[in-house]
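Residue numbers (the numbering used here), protein chains in the order written: chain Y, 811 to 1112; chain W, 604 to 869.
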């Protein structure tokens, strides 16, 4: 039985723009498996768009290699594109065309596997297809951008900020669509700032900063390593001394009887302390990756 | 490739219609006065005799404004048609790839299974088709008007002069296309350089007859090889057209070499 090959592979992929001393991307080595959603995160200017533009062969690598579905991105860009759905971060469509004309143009260049699928997608998103694109809101343009990326049912999706401009309802429609593509075995490479999007969709996340991949984790690992927050209200005075001895805990006294504890990793020492005291209430805040993201983002400013 | 050609033409459909209408009107206005010129040729000859040779050279390659060939060359084929078609060709050449790249829509096209070579070929074909279509309209209108005003120049000669004017305009468009496709210089440079090639060439070549030292640099411009008066008289050496065609081909090859591996949208 042959091993499953990654859908996207980059190997020491680097890019230095002409006239620049600095590498926009340096030595990126990642792989995305079929049926996997890979979130690519980082602050502005970190190299996310450069990576996407390299994968799409809009720009040429300075060094290193990348392949999509086993084909080299530089040698076989046109063949690769028959299996790739792409959405740019700044969706640039033809403003004088209507949505319908635009989708017809894209269909002429790459006929969908099922013509009715375009109509289905349009209905799902409630896309406005009879007006000129230039007169549409950012959200409505984004819907058309998403439809053109999905309409030929590709095996690989490369999406830059796919939910930008969409209202929460449409974001849900997008998540459903993306997860259904994933269920069909498609790979999704998504650049995002939207934490909800990442939490809901991604299996794995790569953090990029100043052109370098600084961390790569599964959502499960990230969630496990993320700190959890407890708001505890004691019947008597807060046992600060005992709480402060809990390993990897950050304790903030709110009032003589109330405390906030941020805890990373094993929670049993906290409950061991609480077992010896009368606790009136205990609220656990939903695990949120925001703090983890902020950690990466804040480090960038140092 | 057919999709890009069709939709690019579709996007420019109104522009094509307006260009055709504008050129038709311009030719009509110029041709409709021929009978008046012909009937009052004695008076006009006195007037033209007072015009300096340098100024005459800017208006006609024959120095004759009143004979059928002289009128057609000076009013239509020497300056007006190649320059109007040239403006169209330069504007198309500078924008077919340049505008798509500037506005980011080129990514939509290159995200499809369409090689850069095919995209370039499709855009170049579209540009050439637009210029040729408008050139045909101009030539046909000239032919019809020549017949209508009894301007005695053979039909075939008018057609060939129209063909040569179109080819000259295409060479200007090819220069604009090449510079815009090189990427780093931008659309303004594309329009600027190709305008210098077109307009600068016309001025240099026109003045070269009276300013002898301009004769040599004039040879570097396609306009030097374009002699509509000779085409209308049937004495033109068509080998001259080689320069214009080679220039267009060289621009096409350079465009292809530059575009197939360069960074897009940077």
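Ideal Cβ positions, reconstructed from N, Cα and C, are used throughout, including at glycine.
Limits of the unbroken beta strand (DSSP E) element including residue 1063/Y: 1059 to 1065
Can you find a CB in chain Y that lies within less than 8 angstroms of the CB of residue 834/W? no
Among 1024/Y, 1013/Y, 947/Y, nearest to residue 849/Y - alpha-carbon criterion: 1013/Y
Using 7 angstroms as the cut-off, classify the Cβ of residue 716/W as near or not near the heavy atoms of the ligand ZN, replying yes or no. Ligands in the displayed structure: none, and consequently the ligand ZN is not present.
Can you list the residues of chain W that residue 898/Y reaches, using a CB-CB cut of under 9 angstroms? 707, 710, 711, 714
Taking residue 1039/Y as part of the beta strand (DSSP E), name the residues at either end of that continuous run. 1038 to 1044
If you run the structure through DSSP and keep just helix, strand and coil, what is residue 755/W? coil
Tell whether a beta-carbon distance below 8 angstroms holds between residue 1069/Y and residue 1063/Y. yes
Start-to-end residues for the beta strand (DSSP E) that takes in residue 1017/Y: 1014 to 1019
Any beta carbon of chain Y sitting closer than 8 angstroms to that of residue 610/W? yes
Using a Cβ-Cβ distance cut-off of 8 angstroms, determine whether residue 889/Y contacts chain W. yes
Pick out the complete beta strand (DSSP E) segments inside the segment 905 to 986 of chain Y, 3 residues or longer, and give them in chain order. 966 to 970
What residue does the alpha helix (DSSP H) around residue 861/Y start on, and which one ends it? 858 to 865
On the three-state DSSP scale, how would you describe residue 734/W? helix
Residue range of the unbroken alpha helix (DSSP H) whose run includes residue 1031/Y: 1029 to 1035
Distance between residue 973/Y and residue 949/Y (C-alpha atoms, nearest Å): 9 angstroms
Considering only DSSP beta bridges, list what residue 896/Y is partnered with. 968/Y
Got a sec: is the Cβ-Cβ distance from residue 892/Y to anything in chain W below 8 angstroms? yes
Pairwise C-alpha distance: residue 1045/Y and residue 1112/Y: Note on residue 1112/Y: pLDDT 48, under 50, position unreliable in the model; no value is reported.
Go ahead and pull the three-state DSSP assignment for residue 994/Y. coil
I want to see whether chain W comes within less than 8 angstroms of residue 833/Y, judged by CB atoms only; does it? no
Can you find a C-beta in chain W that's less than 8 angstroms from the C-beta of residue 869/Y? yes
Can you confirm whether the segment 1034 to 1042 of chain Y touches the segment 1085 to 1095 of chain Y when touching is taken to mean that 3 or more C-beta pairs between the two stretches lie within less than 8 angstroms? yes
At which residues does the alpha helix (DSSP H) containing residue 821/W begin and terminate? 818 to 821
Cβ of residue 725/W within 8 angstroms of Cβ of residue 773/W? no
Closer than 8 angstroms at the beta carbon, the chain W residues around residue 902/Y: 706, 707, 708, 710, 711
Contact defined as beta carbons within less than 8 angstroms: I believe residue 745/W pairs with residue 688/W. What is the distance between those atoms, to the nearest angstrom? Not really, about 12 angstroms apart at Cβ, beyond 8 angstroms.
Between residue 1064/Y and chain W, is the shortest Cβ-Cβ distance under 8 angstroms, so that the two count as touching? no
Separation of residue 618/W from residue 918/Y, as counted between CA atoms: 23 angstroms
Partners in chain Y for residue 867/W, counting only beta-carbon separations shorter than 7 angstroms: 868, 869
Under 8 angstroms from the C-beta of residue 916/Y: neighbouring residues of chain W: 711, 715
Around the C-beta of residue 622/W, are 16 or more other C-beta atoms found within 10 angstroms, so that it is buried, or is it exposed? buried
Taking the continuous alpha helix (DSSP H) assigned at residue 804/W, which residues delimit it? 804 to 811
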